[in-house]
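*Asks:* Structure provided below as structure tokens; questions to follow.
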Amino acid sequence: MNLNLVNEITKSQLKTDIPSFRSGSTVRVHVRIKEGDKSRIQVFEGVVIERVGGGIAETFTVRKMSNGIGVERKFPLHSPIIDKIEVVRHGKVRRNKLHYLRGRSGKSARLKEIR
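Each residue of the sequence shown is one higher than the one before, starting from 2 at the first, in this note's numbering.
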């Protein structure tokens, strides 16, 4: 009985407006930032390196280059701080985890686009 209750609560917390994306996709994540009593939206755009977990605990990692420095950020997929996720393009990759992109920069870090 307790497991059914946990599953119901978990199911009610899942977001339904999540677009279809996977590793290699370039996404634009709109994150709600709270500073004091004010709230604003900050956009983080980059390549999805990995998707881990499932259900309410699913997370994804986005990597972008900022002033020549690689910045990675991990987002819980069903978190209330994520306002929306936009898919910019889908990259053609043959791996689920793209950690090899960490050692690359410039043109070697590019991914082909799926048409």
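We treat Cβ as the ideally placed atom computed from N, Cα and C, and that holds for glycine.
List the DSSP bridge partners of Gly25.
*Replies:* Answer is none; Gly25 lacks a bridge partner.
*Asks:* Check this for me: beta carbons of Gly47 and Arg64, under 8 Å apart or not?
*Replies:* Taking 8 Å as the Cβ cut-off, Gly47 and Arg64 qualify as a contacting pair.
*Asks:* Compute the Euclidean distance between the alpha carbons of Gly107 and Ile57, then round it to the nearest angstrom.
*Replies:* Roughly 35 Å separates the two Cα atoms.
*Asks:* Would you report the Cα separation of Leu6 and Phe61, rounded to the nearest angstrom?
*Replies:* Distance between the alpha carbons of Leu6 and Phe61 is about 27 Å.
*Asks:* Alpha carbons only, please: which of Glu73, Asn3, Gly25 is nearest the one belonging to Asn97?
*Replies:* Checked all of Glu73, Asn3, Gly25; the closest Cα to Asn97 is Gly25.
*Asks:* Is Arg29 near Val44, with beta carbons less than 8 Å apart?
*Replies:* Their beta carbons are under 8 Å apart, which means Arg29 touches Val44 by this criterion.
*Asks:* What is the residue span of the beta strand (DSSP E) that Ser106 lies within?
*Replies:* Element bounds for Ser106: n/a, residue is neither H nor E.
*Asks:* Would Leu4 and His79 be called neighbours here (beta carbons separated by less than 8 Å)?
*Replies:* Cβ atoms of Leu4 and His79: not closer than 8 Å.
*Asks:* Please determine, among Ile70, Arg41, Phe76, Arg105, the residue with the shortest C-alpha to C-alpha distance to Glu54.
*Replies:* The residue asked about is misnamed: residue 54 is Gly in this sequence, not Glu. Ranking Ile70, Arg41, Phe76, Arg105 by Cα distance to Gly54 puts Phe76 first.
*Asks:* Which residues in the same chain have their Cβ closer than 6 Å to the Cβ of Gly52, if we skip the five residues on either side of it in sequence?
*Replies:* It is Arg, not Gly, that sits at residue 52 in the sequence shown. Result list for Arg52: Phe61, in chain order.
*Asks:* Which of the three DSSP states is assigned to Thr17 in this structure?
*Replies:* Coil at Thr17, not helix or strand.
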